[in-house]
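In full-length UniProt numbering, the protein residues as written are 1 to 375.
Right, here's the structure in full:
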């Protein structure tokens with residue numbers, strides 16, 4: 001069938017994207033789902049820095065590629081072997097399809113699925129190959145979703161069934177921002193009640209980490225960013241203190257506030273300077289966690305002796321160390337109870353045709369979460 005999708009042909013075009021227009025809205029041919037796949041009519045999809053990192057070239061991917069991963073919609077077709085999903089189901093997409101058979105999947109760590117990682121790097125679906133075409137040529141999939149489109153075909157292992165009573169523009173962000181930010185707190189670090197937490201970088205993931213820290217019972221939740229305009233929202237979500245992370249005195253101020261540093265520091269900006277701040281404000285015996293995806297050529301360094309002499313822990317957190325089929329439903333339940341007001345993060349909704357302008361706004365750091373709402 002013919003669909004409309006936002007396609008990236010060339011990485012690294014300069015901002016403003018409203019002028020360079022890296023994403024072209026094109027008509028593509030979408031194949032029917034194969035035996036273990038489903039077709040989804042997309043209802044809404046969030047704009048994420050993981051998309052932006054492909055646009056600017058810091059996360060190289062094969063092109064042409066139909067972008068987008070934080071999507072929600074309604075299933076309109078199912079493959080012959082799909083048993084647990086049916087037409088009419090509302091689903092959220094997840095950007096690491098899990099095969100269920102490799103060692104990480106068997107260990108309960110689907111975010112590290114080996115087969116899923118390989119298919120994502122190739123720009124293919126989990127079972128191999130692509131389902132998108134233009135003028136007889138293949139168009140690659142973005143992390144198994146390619147959600148900036150009217151319809152998508154994805155692996156049945158790339159979706160989680162959700163309640164139908166939540167609008168798509170609100171439930172879509174559970175597929176990335178929510179599970180990554182809150183999951184880093186709950187799953188990766190396992191933050192203990194009464195502990196101190198710092199979050200460096202107040203984008204969608206960082207703000208969700210603040211929600212997670214409040215949920216976990218942290219006594220102090222310190223929000224840091226180079227953009228003070230984000231501080232009011234951070235406080236509304238649960239931050240007890242805010243600091244400009246570019247201030248020359250920020251390290252001393254945070255350490256004084258926390259009697260030597262925080263128990264847990266989370267870097268969510270995806271840049272080395274933010275990671276340096278996070279590590280330096282972590283106390284002796286504390287944990288520094290990063291959810292960021294910086295340019296692969298950028299390196300983070302620190303005095304190695306501090307790992308031993310101060311018993312430090314540095315951890316990575318991908319997809320919030322989540323098991324999506326377990327965590328998305330329980331986070332949605334907490335949202336429905338009013339304990340995770342993630343819809344507060346929704347800055348604005350856009351049309352698909354305005355997607356380049358949306359990425360300009362994301363690039364400038366003026367928004368928490370922008371969502372394309374499909375007609």
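Each residue gets a CB set at the ideal place from its N, CA and C atoms; glycine is no exception.
With respect to the 8 Å criterion, residue 343 and residue 170 are classified as neighbours on the basis of their beta carbons.
Rounded to the nearest angstrom, the gap between the Cα atoms of residue 165 and residue 350 is 21 Å. With contact defined as three or more Cβ pairs closer than 8 Å, the region 213-232 and the region 192-203 are in contact. Sixteen is the threshold: since fewer than 16 other Cβ atoms of the shown chains lie within 10 Å of the Cβ of residue 1, the residue is exposed.
Around the CB of residue 6, 16 or more other CB atoms lie within 10 Å, so the residue is classed as buried.
As DSSP reads the structure, residue 241 sits in a beta bridge with 222. With distances taken between CA atoms, residue 43 lies nearest to 92 out of 225, 92 and 362.
Counted as a single uninterrupted DSSP element, the beta strand (DSSP E) harbouring residue 161 occupies residues 159-162. Put simply, the region 224-242 does not touch the region 309-323. Fewer than three CB pairs are less than 8 Å apart. In the three-state reduction of the DSSP assignment, residue 51 falls in the helix class, which pools H, G and I. Taking the Cα positions, residue 125 is about 36 Å away from residue 276.
Here residue 106 is exposed: its Cβ has fewer than 16 other Cβ atoms, across all protein chains shown, within 10 Å.
If the five residues before and after residue 339 are omitted, its C-beta is found closer than 8 Å to the C-beta atoms of 215, all from its own chain and listed in chain order.
Residue 119: not part of any beta strand (DSSP E); member of the alpha helix (DSSP H) spanning 114-122, first to last residue.
For the pair residue 46 and residue 370, the CB atoms are nearer than the 8 Å cut-off.
Of the residues 291, 177 and 267, the one whose Cα lies closest to the Cα of residue 332 is 177. Restricted to the region 278-351, the beta strand (DSSP E) segments that are unbroken, complete and at least 3 residues in length are 282-290, 313-316 and 346-350, listed in chain order.
Beta-bridge pairing by DSSP links residue 265 to 198 and 288.
Closest in C-alpha terms to residue 254, from the list 236, 223, 232 and 362, comes 223. Using a 10 angstroms sphere on the CB of residue 285, the tally of other CB atoms stays under 16, which defines it as exposed.
Note that the C-beta distance between residue 288 and residue 206 is not below 8 Å. Inter-segment contact for the region 106-120 and the region 26-42 is absent: fewer than three beta-carbon pairs are separated by less than 8 Å.
Around the beta carbon of residue 258, 16 or more other beta carbons lie within 10 angstroms, which makes this residue buried. Inclusion of residue 65 and residue 133 in the CB contact set at 8 Å is not warranted, their separation being larger than that value. Judged by beta-carbon spacing, residue 40 lies within the 8 Å limit of residue 151, meaning their Cβ atoms are closer than that value. Going by beta carbons, residue 264 and residue 197 fall inside the 8 Å limit. In the displayed model, residue 125 falls within coil according to three-state DSSP, outside both helix and strand. DSSP lists 40 as the beta-bridge partner residues of residue 75. Taking the C-beta atoms as reference points, residue 62 is found nearer than 8 Å to residue 123. In the structure shown, residue 46 adopts extended strand secondary structure according to DSSP, grouped into three states. Our two residues, residue 76 and residue 87, have alpha carbons roughly 5 Å apart in a direct line. Annotation for residue 84: 156 and 161 place their beta carbon closer than 8 Å to its own, counting only its chain and skipping 5 residues before and after. Of all alpha-carbon atoms in 21, 354, 56 and 293, the one lying nearest the alpha-carbon of residue 180 is that of 293.
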